[in-house]
Amino acid sequence: MSQTSDAPTHQAIVIGAGFAGVTAARELSAAGLRPLLLEASDRVGGRARTETFAGKRIELGAAWFSPHQPRVREELERYGIALVPQGVMPEHAVFPTDDGVGPIDPAEAFGHYGQLLTKYFAGSRELFPEPEEPLLGGARLREADALSMRDHLDRLGLSTRDERWLSNITGTYSGGDSARGAYTGLAQWWELPGGTVDGWNTLIGMSPETGMSGLLEAMVGDSDAELRLGTRVTAVDDDGRLVRVTTGGGEVFSAPVVVVAVPTSAWETIRFGNGLPDVHVSAAASKLSVPASAKFWLRAGGDVGAISAHAPEGYPISSLFTYYQLDDGDQLLIGFSQDASFDVRDRDRLAEAVRLFGDIEILDVRAHDWGRDEFTRGGWSFRRPGQLFEHVPAILQPHGRLTFANDGLVEGWVGFVEGAIESGERAARQAVEFAA
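The opening residue of the sequence shown carries number 542 in this note's numbering; numbering runs sequentially from there.
Next comes the structure, spelled out in structure tokens:
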């Protein structure tokens with residue numbers, strides 16, 4: 542439908558059908574508004590993407606939930622979806638050495654890894670006494686927020702090997718460069734599930750039994766939203782009474798309120814007629830979403846056994862580990878890369894990089910590079926140094942009749958589905974006030 546009068550075409554519009562947008566659409570529906578849900582790609586999910594590979598359900602994007610995430614628990618209970626453990630215990634481990642990577646006993650590796658994590662995060666409780674209310678740390682937190690993960694890592698005076706072990710984490714979650722991500726961002730992640738090694742380990746390894754797509758489908762089905770896929774938004778114009786949304790196909794829709802639920806990295810693809818607040822402009826320019834993030838799955842042969850392999854920052858593949866053992870003796874491994882120059886879809890380069898970890902014979906590959914994805918333009922959200930105090934709470938506020946939601950626009954679980962759901966709920970509440 543095209544806009545031909547001053548009457549709104551819809552009661553509300555949500556741009557983006559990832560977890561944040563789907564949550565916002567459902568909450569708007571629950572408040573009595575029937576929203577139009579516009580999604581540029583051909584599917585619901587955003588940076589969550591469930592597929593089948595070698596007869597197994599795999600996640601090419603967001604994959605895991607933690608029992609410490611209350612909104613996720615509520616969603617799973619609402620739709621009767623169980624949270625189930627994933628992965629297999631490794632028989633072999635590969636971790637950084639002083640000048641490369643090498644084998645190590647898994648029990649020894651994970652024990653030492655836990656000790657290093659505890660050392661890296663010592664003092665984080667004082668920074669985040671209430672991690673979902675992040676500004677309570679005051680002056681000490683403000684000082685720490687100026688540090689990158691690399692800054693903090695360098696201050697610890699670790700051995701070469703231990704520094705390389707921890708750089709796997711700091712490099713991975715920064716999107717390839719430890720100097721990019723804020724130390725406080727990772728410290729907050731540590732405190733959110735309890736500030737212990739056991740809590741940290743819950744951040745991966747548990748998935749909804751339906752896959753991420755099953756939860757998303759349940760949430761969409763619980764909404765009265767009119768869903769339109771393959772509809773890219775190119776412009777948003779707010780005249781103070783109505784917001785007009787223009788698509789790449791030339792259609793114009795309007796509503797009293799619009800929820801912008803695309804990743805921060807995608808804001809620059811939309812022309813906002815009234816501009817955006819300085820804090821939003823800064824967040825978009827600094828790429829709040831990590832720029833380099835690729836995930837791949839391998840069907841592998843070879844007598845390598847279940848493996849857990851991790852490389853230091855700067856390697857093409859950051860981590861690779863066995864996820865499924867297949868009945869025919871093959872295995873499915875999941876791998877990650879934060880190297881923007883490394884194309885995980887290049888079978889030859891991938892095979893060369895994998896050989897670093899052992900004699901792994903690649904039989905088939907399934908991969909997605911979120912950094913090269915035209916719609917997401919990056920991976921999870923992760924604040925850069927100084928952005929905690931720059932962003933919170935200003936970036937959580939509406940702008941005119943626009944509200945904003947994505948996994949980076951929260952106080953607590955930045956970069957997680959939990960955060961995306963929280964932001965969708967908050968943006969919907971704000972939108973309902975405008976639509977009243």
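C-beta: ideal position from N, C-alpha, C; glycine also.
Can you have a look at residue 751 and say buried or exposed, based on whether 16 or more other CB atoms are within 10 angstroms of its CB?
Residue 751 sits at position 210 when you count from the first residue of the sequence shown. It counts as buried.
Meets three-Cβ-pair contact criterion under 8 Å: the stretch 610 to 624 and the stretch 842 to 856
Put simply, the stretch 610 to 624 does not touch the stretch 842 to 856. Fewer than three CB pairs are less than 8 Å apart.
Beta bridge counterpart(s) of residue 866 as assigned by DSSP:
Here residue 866 is taken as the residue at index 325 of the sequence shown, counted from 1. Bridge partners of residue 866: 872.
Residue 694, enclosing alpha helix (DSSP H) - first and last residue
Within the sequence shown, numbered from 1, the residue matching residue 694 stands at position 153. 690 to 696 is the extent of the alpha helix (DSSP H) around residue 694.
Who are the near neighbours of residue 970 in its chain, counting only those whose CB is closer than 8 Å to its CB and skipping five residues on each side?
Start at 1 with the first residue of the sequence shown, and residue 970 comes out as number 429. Taken in chain order, the residues that qualify are 568.
By alpha-carbon positions, which one of 681, 890 and 855 ends up nearest to residue 720?
Residue 720 sits at position 179 when you count from the first residue of the sequence shown. If we check each option's Cα against that of residue 720, 855 comes out closest.
Terminal residues of the continuous beta strand (DSSP E) containing residue 849?
Counting from 1 along the sequence shown, the entry for residue 849 is found at position 308. Its beta strand (DSSP E) spans residues 848 to 851.
Residue 662 and residue 634: beta carbons closer than 9 Å?
Position 121 of the sequence shown, counted from the first residue, corresponds to residue 662. Position 93 of the sequence shown, counted from the first residue, corresponds to residue 634. 9 Å or more divides the Cβ of residue 662 from the Cβ of residue 634.
Between the Cα of residue 580 and those of 872, 801 and 685, spot the shortest distance and give me the residue it belongs to.
Start at 1 with the first residue of the sequence shown, and residue 580 comes out as number 39. Among 872, 801 and 685, the Cα nearest to that of residue 580 belongs to 801.
What are the start and end residues of each continuous beta strand (DSSP E) run of 3 or more residues lying completely inside the stretch 562 to 612, in chain order?
Whole beta strand (DSSP E) segments, 3+ residues: 576 to 579, 591 to 594 and 597 to 600.
To the nearest angstrom, how far is it from the Cα of residue 747 to the Cα of residue 599?
Taking the first residue of the sequence shown as position 1, residue 747 is located at position 206. Taking the first residue of the sequence shown as position 1, residue 599 is located at position 58. Across the structure, residue 747 and residue 599 are spaced so that their CA atoms are roughly 13 Å apart.
Using a 10 Å radius around the Cβ and a threshold of 16 neighbouring Cβ atoms, would you call residue 759 buried or exposed?
Here residue 759 refers to the residue found at position 218 of the sequence shown. Around the CB of residue 759, 16 or more other CB atoms lie within 10 Å, so the residue is classed as buried.
Since residue 768 and residue 761 should fall inside the 8 Å C-beta cutoff, what is the C-beta to C-beta distance between them, to a whole number of angstroms?
Here residue 768 refers to the residue found at position 227 when the sequence shown is read from its first residue. Here residue 761 refers to the residue found at position 220 when the sequence shown is read from its first residue. Confirmed, about 7 Å.
Alpha carbon to alpha carbon, how far is residue 945 from residue 939? Give it in angstroms, no decimals.
Taking the first residue of the sequence shown as position 1, residue 939 is located at position 398. Taking the first residue of the sequence shown as position 1, residue 945 is located at position 404. Taking the straight line joining both Cα atoms gives about 7 Å.
Taking a contact to mean a Cβ-Cβ separation below 9 Å, would you say residue 557 touches residue 804 in this structure?
Here residue 557 refers to the residue found at position 16 when the sequence shown is read from its first residue. Here residue 804 refers to the residue found at position 263 when the sequence shown is read from its first residue. Using a Cβ distance threshold of 9 Å, residue 557 and residue 804 count as a contacting pair.
Mind reading off the beta-carbon distance from residue 943 to residue 779? Whole number of angstroms is fine, and I expect it under 8 Å.
Against the sequence shown, residue 943 aligns to sequence position 402. Against the sequence shown, residue 779 aligns to sequence position 238. About 6 Å separates the beta carbons of residue 943 and residue 779, which is inside the 8 Å limit, making them a contact pair.
Buried versus exposed call for residue 910 [16 or more other C-beta atoms within 10 Å across all chains shown]:
If you number the sequence shown from 1, residue 910 lands on position 369. That one is buried.
What does the Cβ neighbour count give for residue 882, buried or exposed, with the cut at 16 atoms within 10 Å?
One-based indexing of the sequence shown puts residue 882 at position 341. Residue 882 comes out exposed.
On the DSSP bridge assignment, give the partners of residue 747 in chain order.
Position 206 of the sequence shown holds residue 747. Per DSSP, 626.
Mind reading off the beta-carbon distance from residue 954 to residue 733? Whole number of angstroms is fine, and I expect it under 8 Å.
Translated into positions along the sequence shown, residue 954 becomes position 413. Translated into positions along the sequence shown, residue 733 becomes position 192. Residue 954 to residue 733, Cβ: 6 Å. Contact.
Could you check how far apart the C-beta atoms of residue 927 and residue 680 are, in whole angstroms? I think they sit under 8 Å.
Your numbering for residue 927 matches position 386 in the sequence shown. Your numbering for residue 680 matches position 139 in the sequence shown. Separation of the CB atoms of residue 927 and residue 680 is rounded to 14 Å, and the pair is thereby denied contact status at 8 Å.
Suppose the cutoff is 8 Å on Cβ atoms and the five residues either side in sequence are ignored; what does the same chain contact list for residue 605 look like?
On the sequence shown, position 64 is the one that residue 605 refers to. Taking residue 605 as the centre and dropping the five residues before and after it, the same chain places the C-beta of 627, 744, 745, 746, 747 and 748 closer than 8 Å to its C-beta, in chain order.
Using the C-alpha atoms, what's the distance from residue 819 back to residue 776?
Counting from 1 along the sequence shown, the entry for residue 776 is found at position 235. Counting from 1 along the sequence shown, the entry for residue 819 is found at position 278. One alpha carbon belongs to residue 776, the other to residue 819, and they sit about 19 Å apart.
Using 8 Å as the Cβ pair cut-off and three pairs as the minimum, do the stretch 583 to 603 and the stretch 829 to 841 touch?
A contact is defined here as three or more CB-CB pairs under 8 Å, and the stretch 583 to 603 meets this definition with respect to the stretch 829 to 841.
Among residues of its own chain, excluding the 5 on either side of residue 893, which ones have a beta-carbon nearer than 7 Å to its beta-carbon?
For the purposes of this step, residue 893 is taken as the residue at position 352 of the sequence shown. Setting aside the 5 residues that flank it on each side, residue 893 has no residue in the same chain whose C-beta is closer than 7 Å to its C-beta.
Determine the direct distance from the alpha carbon of residue 565 to that of residue 890, and round the result to whole angstroms.
Residue mapping note: residue 890 aligns to position 349 of the sequence shown, counting from 1. Residue mapping note: residue 565 aligns to position 24 of the sequence shown, counting from 1. Their Cα atoms are separated by approximately 41 Å.
For residue 979, which residues in the same chain have their Cβ closer than 7 Å to its Cβ, ignoring the five residues on either side in sequence?
Lying before the first or after the last residue shown, residue 979 is absent from the chain, which here runs from 542 to 977.
Measuring CA to CA, which of 787, 852, 764 and 864 is closest to residue 572?
The count along the sequence shown starts at 1 and reaches residue 572 at position 31. Scanning 787, 852, 764 and 864 for the CA closest to the CA of residue 572 turns up 764.
Is it buried or exposed, residue 961, if we count other Cβ atoms within 10 angstroms and call 16 or more buried?
Working through the sequence shown from its first residue, we reach residue 961 at position 420. By the neighbour-count criterion, in which a residue is buried when 16 or more other Cβ atoms sit within 10 angstroms of its Cβ, residue 961 is buried.
Suppose contacts are defined by Cβ-Cβ distances below 9 Å. Is residue 636 in contact with residue 645 by that definition?
As a position in the sequence shown, residue 636 is number 95, starting the count at 1. As a position in the sequence shown, residue 645 is number 104, starting the count at 1. Taking 9 Å as the Cβ cut-off, residue 636 and residue 645 qualify as a contacting pair.
Residue 709 and residue 853: beta carbons closer than 9 Å?
Reading the sequence shown from its first residue, position 168 is the one you call residue 709. Reading the sequence shown from its first residue, position 312 is the one you call residue 853. Their beta carbons are under 9 Å apart, which means residue 709 touches residue 853 by this criterion.
Determine, using beta carbons only, whether residue 717 and residue 923 come nearer to each other than 9 Å.
Translated into the one-based positions of the sequence shown, residue 717 becomes position 176. Translated into the one-based positions of the sequence shown, residue 923 becomes position 382. Contact: no.
Determine the closest residue to residue 974 out of 707, 670 and 797, with distance taken between C-alpha atoms.
Looking up residue 974 in the sequence shown gives position 433. Comparing alpha carbon positions, the residue from 707, 670 and 797 closest to residue 974 is 797.
Would you decide whether residue 866 is buried or exposed? Buried here means 16 or more other CB atoms lie within 10 Å of its CB.
Along the sequence shown, one-based indexing puts residue 866 at 325. Exposed, because fewer than 16 other Cβ atoms sit within 10 Å of the Cβ of residue 866.
Work out the CA separation of residue 888 and residue 706 for me, nearest whole Å.
Numbered from its first residue, the sequence shown carries residue 706 at position 165. Numbered from its first residue, the sequence shown carries residue 888 at position 347. So the two alpha carbons sit approximately 27 Å from each other.
Determine the burial state of residue 552: buried for a count of at least 16 other Cβ atoms within 10 Å of its Cβ, exposed for fewer.
Reading the sequence shown from its first residue, position 11 is the one you call residue 552. Under a 10 Å Cβ-count criterion, residue 552 is classified as buried, with 16 or more other Cβ atoms of the shown protein chains found around its own Cβ.
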